Each structure stands twice: as C-alpha cells, then as structure tokens.
Amino acid sequence: MARIHNVLFIGLLTFCFGSNYLYSQRHSVIPKPKKIKLAKEHLYFQDTITYSCENEDPAIEFLKSYLATHFSIAFEKTSKNADVEFKRTNSGKRNQHHLSINKKGIQLNYNSEEAAFHACITLVQLTESTENGVRFSHALIKDYPDFEWRGLHLDCSRHFFEVYEIKRFIDAMAFYKYNRFHWHLTDDQGWRIEIKKYPKLTEVGGWRNKTVEGHYSKTPRTWNNERYGGFYTQNDVKEIVKYAANKSIIVVPEIELPGHSMAALAAYPELGCLDTTYEVPGLWGVFDDIYSPKESTFQFLENVLDEVIPLFPSEFIHIGGDEAPKKRWKEDPFCQKLIDSLNLKDEHGLQSYFIQRLEKYLNSKGKQIIGWDEILEGGLAPNAAVMSWRGESGGIQAAKQKHKVVMTPTSHCYFDYYQSSHAREPIAIGGFLPLEKVYQYSPIPANLPRSKRKYILGAQANLWTEYMPTMDHVLYMTYPRALALIEKTWSRKAPLYKEFERKLYSKHFQWMESWSIPFSKASLDVKINALPTTLGTVNIECQSPDSTSKIFYSIGENIEIYNAPFDLNAGNNDSTIFIKSWAEGIQGKSRITDKKILLHQSIGSKITAITTPHNKFSVGGSMTLVDGVIGERPWKGDQWLGYSGDTILIHFNFEEKKKLTNFKIGFLEDNGSWIYLPQNIHLEKKIEEKWVVFVNSHVSAEQNSLKINENIDEIRIKILPNDKIEDGKPGGGHDPWIFIDEIRFEWK
Ligand code: ACM
C-alpha cells in the first residue's frame, strides 16, 4: 500500500454533509452530481492502490486500466485494509451510488453495475496528478441519474467506421455517463450488418460505387468514384455489444424500414414495388423506393430480425419508420388493393400496418420497438416507443397516449448541424446548434402535462454522418456538445450555463485532450454581435466566454484592443466593412472570427411586427433582417430567419414618410434541405386603415430587387409560400422551408 496522507490536514475534518464541513471546494465533475462536497484535504497515492470487492464489476477493470495508463499505478485486489472498497447495496434510487473519499480511503457503494460505473467515472474525474502519483480531494458524493435513456446515435451507413473506431466513440460516451448507443446500421447508402441468410445485403448492399463530393446542394455535382463501403460481421457486433456493456452502455440497433432501404433493395430488388433493379446511392437524401408491404418482404424482415435479436440484449430494437415517401405505394395496384382489403384509410394507414406487423413479431420474441416519430402517423403500434425528432410534438403526442418517448428534436439534439458560423467550420448539413443552445434544452417539454412526464425516458443526440467521413470528425461534432446534453439528461436541475462553462474550460478541455477526443473549441471564439440601431448605425460588440482574456479586433490593417461596443456608420453609398476579432488568455489564442457587414441605407429600420420564425431558425430575431449581415452559403442557420408553411408578414415603420425607390430581399434555395423559394411577394401600404397591395411579384430567384415609387412611412411585406412540396422532390409532401435574409429599402 502506498497511500500518503496529507499530514497537514489530518484530523481536521468531520465527514458528513452539513455544517461540520469546514471548506467546500468547487468541483468540475460533468455531469454535476446530485450532492457533492469536496474538502481541501487530499488523499495521495503512488505506485499501487489496493481494493476489495464482493463482485468484480466491470467498472473495477475500467478503473484499473485508467490508473495504469494515466498514472502508471497498479490496482490490486486485497482481502483487508484496502485503499478502495467497492460495495453493493440494495437501497436508494435507480442506479444510485455513494462515493466517499477521506483519510481512511475511498468507499464506493452502489446498487447496480451501471451505478458502479458512474461512481468510478466520478472518481476518475476527481483524479489530480501529482509529481509521483495521484491525489483525490476528500469528498462526499451521492448521485443518480434522473433519466434512464442518455443516448448518442451514430450513422454508420453514410460513412462506415471500423470496430476500433466504434470503440473510441463508446469510450468517449462512457467518460460522460451516456448509457445508450443507438447504432444506425442500415440506410440507403449502405447495409452494415452481416445477415447470414441474406449474404447479398452486405456483398451488394454494403458498397456504393460513388459518393457525392461536397455539399448535396453544390452545383454542378461532382463525384468521388471510389467504391466505398464495409460491414460488421456478427462477431464484430458481439464484440462491440460486449465492449459497450462493460462500460454500462446498451447498444440499440436500428434496422430501417419501410424507407431508407435502397441498399437492401439493391441487394434484393424483389423487395421493392417496381419490377426493376436498384443501385446503392452515393447521393444523400430521401428516396421514393421503399419496401413493398408484401408477404415476402415481411418474411425477409422477420428472418433478418431473427439474426439481429440474439446479438443485442437491448430491450428495444429501433425499426426506423422515418421519411418513407408514399409515392410508390400510391402508384402500386398491389398496395392500393391491400389498403382496401385491410380497410385502411390511406398509405399512412399502410405504414402503420407495416410497423404493427413487425412490432407484433418483435414483441413475440420478447423485444419492444422504438421508431422515429413518423410511426405516429396512421396510428401508433400498441407498445411502441417513439423517438421524437421533428420537434417535441411527436414526443408529447406519444406520451399523452402513454407511450414511452426518447426526445431528440432537431432544434437541440442534431449534432450534424453547425456548432459555429465560423468560416473554418468543416462542411455540415446546415442548421445552427451552438453549445449554448444545446444547454438550453430540457428533455421534458414545457407543455407536457405533469402526469405524463414519466413517459419521457430521456434524450439523445444524433450523429448523421453524410458530412463526417472520419471518426475524428464525428468526435469533433459530438464534443463538447455532448457534455452540455449530458448535464441536462442526467439531472433536471443542471447548473447554470456559466458554471458549466467554468467546468468545461477549467478542466474538461484538458481532460478531453488527455483522452484523445478531438473536440471543438468553437465556443471559445469571440462572438462579434452586430446590432443595428435606429440611427442607421451598426453597434459592434465583441464577446469572449473567458472574462479574463484580452480581446483584439481589426478593421482593415489596424489592430486594436477591444474595450467597449462601438458604432459603425452607414455612408451615403453601400459600403462593406470586414471586422476580425480574437481573444488571448489562459486558453491561449482563439481562432480569428470575422464578420462582413454591408452598411446599407435601411440598416436598423424599425420592424414593428413580424410573423414568428420557426424556433430552429430564429437567431437574432427580426434584427437579422436589417443588421447588414447578408445571409451566405454555406448556410449555417444563424444568418437567416426560417419559416415552414406560414404566410410571412413583416411590418416596417420608418416613422416619417420616405420616397422609396427600391426594395430588395434575399431568399435561400436549397431544395436538398427542403428550402424552396416562396411563391409571391406583396408590398402593401395602408389606405384608410386597410393594407392595399401595390406590388405583387412572383419569386423566381434568390435575390430580388423591385423598383418602387412610393412616399410612405409604413409598409407591410407579405411573403406567400408555395403549397406542399411536390412528390418526387426532396421533402415531397411536406411544407417547404422559406429562408429570408437581409431586407433593404432605398430612398431618395
Ligand atoms: C431523421 O433525422 N430522419 C430521423
């Protein structure tokens, strides 16, 4: 035993929660434990630490390996006077543990294998290296998770990751007490799990002949013509499931149906609706070709599931259910006859029938199904759990029907969205989800009746990998956002964001570095806020999250130290200003952020009313439209206001009459992301308290400039959306998104 007490403080401490505690230190544990007290005394070790236990829980092996690799300390079992005592109890909340560190040693009491793992992770997070070993603050901790599902999803179809890379993903999850790995194993662009009865699923469906380069919406499209693919053998799967289980992580496999099934159709075309052959696509998106609901398809899927079920101890099997266009089913006489003979309402009823058949089958094998929220359409299968991704409403609807729910709304949980608008961010699908926004999330929807809260199992972030070809890239997109989400998924009383940031910057950035997690430091970038004023100026504020750092900025050649916000004036002619800013402090030098501002005549013009944009695309509110920052490509979601299905009304009040000569407005067109141009723009003026249209213009381009000749002080812009997106186009059957940015008026 090589335990060394911190002699100065021995005896000073009485160990209990409460007033006898002499000194409470700040801790940096993520997620925050329910109760934690640290004292300033320490327990020191070097060379060897001994332990005793009744069960050799996998957590012990984890701790042993951590101490060996990070501190070269041996962790050895002993029968008496152990430094660390592991003890199972039968009491407390689900997965509860107690951890105490005092001069006598370390005691870990826990009521499950998972709780033992949590206790060890907390202990690991409390390690501090010393010159020749390790030390721990004296501590008393009681902890348990509020939510039982703390998940991360990984899409291995769009890009394939080797077994060792999946283990890396699981390792990082385990460091932060995630406990569900949602493994997205099949999709259009690749079938990734060996099914012995259907070898072509991986021989044919596991490979694509080309992959689109750059963003989906890039024109002209170019291709990487290298054959791409891979798959997991059943032995690989067993290895990963066991590896995850040793870190208290349950692997939930997803076998997508009835849509996102092009890879399976390429292997076995008879499963589709058409008498044709299919290719594994190298393009992202949603495809019309889906499984046909014929008996032979059900037989095939049941046979597939017969091989999947024994590989995964998980209670749940994810059956997908999302984004299954109904075009083929509408056109197929067989499907139409089936709808009639089953007395179903429509194709949504047919999807519900499809899912219910598989639910029945899986239930008969002792498994439950979970599916994306589209499985609500046409009627939810009797025992299905729902993964709510298109906002919170699917989750609310399912919980009201007393079904279990995992929340993963795109607005806060899609980690394939940009985490920063910085020009150097690697290409992403679109959308804007900075760390701070993830931290605003709570898995319990605000408007869910209290009595239904118990149906919310927890939350999950999703890593769709169209634009993440490597595991380093996946981890960069995942961290540190996963730390924000785990705080909210561990505890309904997470600390304030400032406190989370303190822990992140003071401890976890270094910690993630030591674990070789290539995380993003985007949250340290200086934010350049451009706030238009009614005087036609733009007020510039530079903010760094590290209050101790010095902020610099430059406009043109001159570099200045930033002290306080300052104004930029609009000139007579439109002029473009480039601002750069960065911070230097204890975190080193941050990346340089830049902002381009077009100082136009109507900057800061007063918008007195506006149709509320969708909460996913509302950064900056109405000011976004008059701030001089012009929405750019690749769109990252922070420079545009986004609407879905609404007629958009925007009122301007100039407070005095102006001789308006020109009106300009920008829209974004990115059909792959379901963003389309609107139908028409109306400009309206008030005549006898009524709005009267004086310009009606069809929209056929992103940039619109309309000559006008009006002497008015008030104007209303009406933007009329198109109907639902046509079948056959991306997003067919859904409302199109409309993205607007800068609105510019010119006057004499
Ligand atoms: C999904 O993002 N299509 C579930």
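Number 688 in numbering that gives the first Met the number 0 belongs to position 689 of the sequence shown; there are no gaps in the numbering.
By construction, the Cβ of each residue, glycine as well, lies at the ideal position given by its N, Cα and C atoms.
Computed from a predicted model, the values in this text were never measured in an experiment.
Item	Value
Jot down the residue ranges of each uninterrupted beta strand (DSSP E) in the stretch 106-132, minimum 3 residues, whole runs only, in chain order.	127-129
May I have a chain-ordered list of the alpha helix (DSSP H) segments no shorter than 4 residues that lie completely inside the stretch 412-489?	434-438, 470-477, 480-489
Taking DSSP as the reference, what is the three-state secondary structure of residue 550?	strand
Report the residue ranges of all beta strand (DSSP E) runs contained in full by the stretch 43-69; include only those spanning at least 3 residues, in chain order.	47-51
Any chance you could list the alpha helix (DSSP H) runs of at least 4 consecutive residues sitting entirely within the stretch 611-677, in chain order?	none
Check whether the stretch 720-732 and the stretch 322-333 touch, using three or more Cβ-Cβ pairs below 8 Å as the test.	yes
Which residues mark the beginning and the end of the alpha helix (DSSP H) in which residue 332 is found?	332-340
Residue range of the beta strand (DSSP E) that residue 565 falls in?	565-568
If we call anything under 8 Å between Cβ atoms a contact, is residue 748 one with residue 104?	The shown model of the chain, from 0 to 747, leaves out residue 748, and the question about it has no answer.
Ordered along the chain, which non-local residues of its own chain (more than five positions away) have a Cβ less than 6 Å from that of residue 2?	Below a pLDDT of 50, predicted positions are generally treated as unreliable, and residue 2, at 42, falls in that range; the measurement from the model is reported next regardless. Cβ neighbours of residue 2 beyond the five flanking positions: 44, 82.
For the alpha helix (DSSP H) that residue 245 lies in, which residues bound it at each end?	Run containing residue 245: none; DSSP gives neither H nor E here.
Here's a check: name, in chain order, each residue in its chain whose Cβ is nearer than 8 Å to the Cβ of residue 153, leaving out the five neighbours to either side.	160, 165, 168, 180, 181, 182, 183, 462, 464, 473
Taking the alpha-carbon of residue 652 as reference, which of 279, 609, 259 has the nearest alpha-carbon?	609
Tell me the residue span of the beta strand (DSSP E) that contains residue 102.	Unbroken run through residue 102: none, as it is neither H nor E.
State the CB to CB distance for the pair residue 533 and residue 605, rounded to an integer number of angstroms; the pair is presumed to be in contact (CB under 8 Å).	6 Å
State the DSSP-derived secondary structure class of residue 409, mapped to helix, strand or coil.	helix
What's the C-alpha gap between residue 21 and residue 137?	Unreliable placement is indicated for residue 21, whose pLDDT of 41 sits below 50; no coordinate value is reported for it.
Closer than 8 Å by C-beta to residue 202: which residues in its own chain qualify, once you throw out the five before and the five after it? Chain order, please.	266
Step through the CB atoms of chain B and report whether any lies within less than 8 Å of the CB of residue 102.	Considering every chain present, this structure includes no chain B. It has just one protein chain.
Any heavy atom of the ligand ACM within a distance shorter than 7 Å of the CB on residue 540?	no
Give the residues whose C-beta lies closer than 6 Å to at least one heavy atom of the ligand ACM, in chain order.	321, 322, 371, 388
Using a Cβ distance threshold of 8 Å, determine whether the stretch 509-516 contacts the stretch 541-548, with at least three qualifying pairs required.	no
Can you give me the start and stop residues for the alpha helix (DSSP H) that residue 529 sits inside?	Unbroken run through residue 529 is the beta strand (DSSP E), 526-531; no alpha helix (DSSP H).
With respect to the alpha helix (DSSP H) encompassing residue 201, which residues constitute its N-terminal and C-terminal limits?	199-202
Between the alpha carbons of residue 273 and residue 298, how many angstroms are there, rounded?	18 Å
When the Cα of residue 346 is compared with those of 356, 335, 355, which residue comes out closest?	335
To the nearest angstrom, report how far apart residue 441 and residue 487 are at their CA atoms.	6 Å
Apart from the five residues on each side of it in sequence, which residues of its chain come closer than 6 Å, Cβ to Cβ, to residue 406?	387, 394, 442, 458
Which of the three DSSP states, helix, strand or coil, is assigned to residue 740?	strand
Are there three or more Cβ pairs, one per stretch, closer than 8 Å when the stretch 662-672 is compared with the stretch 697-713?	yes
Would you kindly work out how many angstroms separate the C-alpha atoms of residue 601 and residue 36, rounded to a whole number?	56 Å
By the three-class DSSP mapping on this structure, what secondary structure does residue 206 have?	strand
Quick one: using the 10 Å Cβ neighbour count with 16 as the cut-off for buried, is residue 370 buried or exposed?	buried
If you measure between the beta carbons of residue 478 and residue 243, is that distance less than 8 Å?	no
Would you check if there are 3 or more beta carbon pairs closer than 8 Å linking the stretch 670-688 to the stretch 609-628?	no
With the cut-off set at 8 Å, would you say residue 379 and residue 304 are in Cβ contact?	no
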